[in-house]
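Asks:
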Amino acid sequence: MNNNNNGLTPLSISTINCRGLIKTTKTNIRNAFIRYLRSQSLDIVCSQESHATTPELKSMLHTQFQGKYSI
0 MNNNNNGLTP LSISTINCRG LIKTTKTNIR NAFIRYLRSQ SLDIVCSQES
50 HATTPELKSM LHTQFQGKYS I
């Protein structure tokens with residue numbers, strides 16, 4: 000068997016500009032977007048321009064993404 004990954008585990012990374020995700024009044028759009036991202040089986044998701052500035056908003060995103068770690 001030829002294994003070309005040299006013992007390394009593949010890592011799926013995504014970076015997404017989610018400008019206005021928090022600001023949208025249409026929670027079904029936000030929920031559908033987050034469900035889509037979760038369905039992609041990504042190991043790391045970097046969200047840019049989330050505008051999650053309060054601990055409550057950060058906690059909500061962390062919960063919806065079902066993240067293990069977030070900063």
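Taken in order, the sequence shown gives residues 0 to 70; the numbers are from numbering that gives the first Met the number 0. Note that CB positions come from ideal geometry on N, CA and C, so glycine has one too.
1. Let's test the definition: count the other Cβ atoms within 10 Å of the Cβ of Cys45 and tell me whether it reaches 16, buried, or not, exposed.
2. If Glu48 and Arg18 are in contact, beta carbons under 8 Å, what's the gap, nearest whole angstrom?
3. Keeping to the same chain, check which residues put their C-beta closer than 7 Å to that of Met0; ignore five residues upstream and five downstream.
4. So, helix, strand or coil for Thr26, using DSSP?
5. Would a check of beta-carbon distances place Lys57 closer than 8 Å to chain B?
Replies: On the basis of the supplied data:
1. In the sequence shown, counting from the first residue as 1, residue 45 sits at position 46. Classification for Cys45: exposed.
2. Along the sequence shown, read from residue 1 onward, the residue named residue 48 stands at position 49. Along the sequence shown, read from residue 1 onward, the residue named residue 18 stands at position 19. Yes, Glu48 and Arg18 are in contact; Cβ-Cβ is about 4 Å, under 8 Å.
3. Residue 0 sits at position 1 when you count from the first residue of the sequence shown. Any reading at Met0 is ruled out, since the residue's pLDDT is 48, under 50, leaving its predicted position unreliable.
4. In the sequence shown, residue 26 corresponds to position 27, counting from 1. It is helical.
5. Absent here is chain B; the protein component of the structure consists of one chain.
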